[in-house]
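Residue numbers (this note's numbering), protein chains in the order written: chain A, -1 to 100; chain B, -1 to 100.
Protein chains: 2
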Amino acid sequence: MDKLICPKFEKAMGLLSQRWTGLILYQLLSGPQRFCTIESSVGVSGRVLSERLKDLENEGIIKREVFPETPVRIEYSLTDKGLALEPLMKELEKWSQNWLEA
Amino acid sequence: MDKLICPKFEKAMGLLSQRWTGLILYQLLSGPQRFCTIESSVGVSGRVLSERLKDLENEGIIKREVFPETPVRIEYSLTDKGLALEPLMKELEKWSQNWLEA
DNA sequence: TAAACTTACTTACATAATGTAACTAACTAA
DNA sequence: TTAGTTAGTTACATTATGTAAGTAAGTTTA
């Protein structure tokens, strides 16, 4: 009777169910951003943000680029795989506007 | 510089970011179901399932109905608010099919 | 020259969330 | 009377997260 749910779907939901991951990806939809920007706009601690960014990079959903300026600039951005989440995010925007109160 | 994200969107993402919540709702898209069915198909423990169902009921996303049969049957089903998540779930299905490996 | 500043982290520790397994309530069947 | 059912709850161990301080590499300031 177990496991009727598609493993790929389960994995996808598992990714988004990690606390902060969804908001981090949503934030990156508006363009490449650096660590401290994500940290303050999303409201996630550096400790967890660091963990999430590594996971997302390992999943191929975001990429990390180093610009050796002064001080060093490191930008995180969505890969094609990450950008492909946009329609889903738009649906969540719609749902939240239609069904949630402020 | 903080908090550029819409509070409604944040709340919606907060709901789906609770572990198991997304899968529970996805499972209920296929129709009303009882506690033990959700428990085994989703793979969540009774302890957490109980907690999630209460939260979702409080949010008006699911409803709980008691049928005084023998033994008692209790069914959980989506409200209109819950059903409205279907397009989002379809997008996640698509994404997972297109971008994830088994 | 040394103290202070910047970003991008990491570490240590406390608290909160989840997993596991046993237990309860209400009722029926054997 | 004993056992079985569903729908939970409880106690306790483990894991995840929050908080705050610390680190590394480099630059600017005093």
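Cβ coordinates follow ideal geometry from the N, Cα and C atoms, glycine included.
query	result
Close beta carbons around L14 of chain B, own chain, < 6 Å, minus the five adjacent residues each side	G20
Contacting residues, own chain, Cβ-Cβ under 8 Å from R50 of chain A (five flanking each side not counted)	Q16, W18, T19, I22, V42
Contact with chain A by Q31 of chain B, beta-carbon distance below 8 Å	no
Cβ-Cβ distance between E37 of chain B and L47 of chain B below 8 Å	yes
Within chain B, the residues that R17 of chain A reaches when beta carbons sit closer than 8 Å	S15
Where I36 of chain A falls: helix, strand or coil (DSSP)	helix
Cβ neighbours of S39 of chain A in the same chain (closer than 6 Å, five flanking residues each side left out)	Q25
Cα-Cα separation, P30 of chain B to E99 of chain A	26 Å
Neighbouring residues, chain A, relative to K61 of chain B (Cβ below 7 Å)	None at all; the shortest Cβ gap to chain A is about 15 Å.
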